[in-house]
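Once you know that position 14 of the sequence shown is 14 in the UniProt record's numbering, the rest is easy, because the numbers rise by one and skip nothing.
We treat Cβ as the ideally placed atom computed from N, Cα and C, and that holds for glycine.
Some notes on the structure that comes next.
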Amino acid sequence: MTEMDTTALIYKVLCDHNGCFELEEMRANISTKEDELKSVLGNQDMFTSTVSEGNKLIVAKTKMRLCRDKECNGCSNLHLCKFYLYGTCRFNEGQQCRFCHELTSEYNIRVLREHHLEELDKRELCTLLLQNDNTLLPPVSSYFQAPCNLLEEI
């Protein structure tokens, strides 16, 4: 298995498990050499780690985002309707929607390959984008933006 194949497989496993997975379970489930696994997981642009309840978790990262430029002539981000990605676009099959509803367009496939994400399905891709791009999250309610007045002053 090549390093690119290992990278794509790790992304697939992580995103299939909501964006993170225990390192020891990953070692048991992915048949690759330990040196290759360490090399791939050492890429800090793609993966990071944290400890939860004594277990080391690997977390998927990406620099890829949804393109926000209406007049884009080519970039390294997906040209895709964010509401289509969520499954909530009010337009059916992209009709009348001014954004792309085709994850498998030639352009989007090139971008996904560039980021080693071509094996991800729509749900897995949505997981990855949501955990890496806070602009895709809904705005915080004004009820949560006000200063807290429930704590005693110190």
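Euclidean distance between Cα positions of residue i and residue j
i, j, result
"L66", "L9", "22 angstroms"
"V13", "E124", "9 angstroms"
"C20", "L41", "12 angstroms"
"Y11", "L117", "7 angstroms"
"Q131", "D121", "16 angstroms"
"N18", "V59", "9 angstroms"
"N73", "E36", "36 angstroms"
"I109", "F47", "21 angstroms"
"C97", "F91", "6 angstroms"
"T7", "V51", "21 angstroms"
"L103", "L128", "15 angstroms"
"S49", "K38", "12 angstroms"
Top-ranked residue by Cα proximity to residue i, from the options
i, options, result
"K82", "E25, T6, F91, L136", "L136"
"H101", "R110, T6, G87, L112", "G87"
"N43", "K33, E3, C126, S105", "E3"
"R113", "D69, S39, T62, I30", "T62"
Assigned secondary structure, residue i (DSSP; H/G/I helix, E/B strand, else coil)
i, result
"C20", "strand"
"C15", "helix"
"M1", "coil"
"K33", "coil"
"Q96", "coil"
"S39", "helix"
"L125", "helix"
"E106", "helix"
"E153", "Residue placement at E153 is poorly supported in this model, since its pLDDT is 46, which falls under 50; the coordinates still yield a value, given next. Correct three-state label for E153: coil."
"E118", "coil"
"L137", "coil"
Residue i CB to nearest heavy atom of the ligand PLP below 7 angstroms
i, result
"M64", "With respect to the ligand PLP, the structure offers nothing, as it holds no ligand at all."
Which full runs of the alpha helix (DSSP H) of 4+ residues lie inside the segment 44 to 89, going along the chain? 82 to 86
Does the segment 16 to 24 come close enough to the segment 42 to 58 that 3 or more CB-CB pairs lie under 8 angstroms? yes
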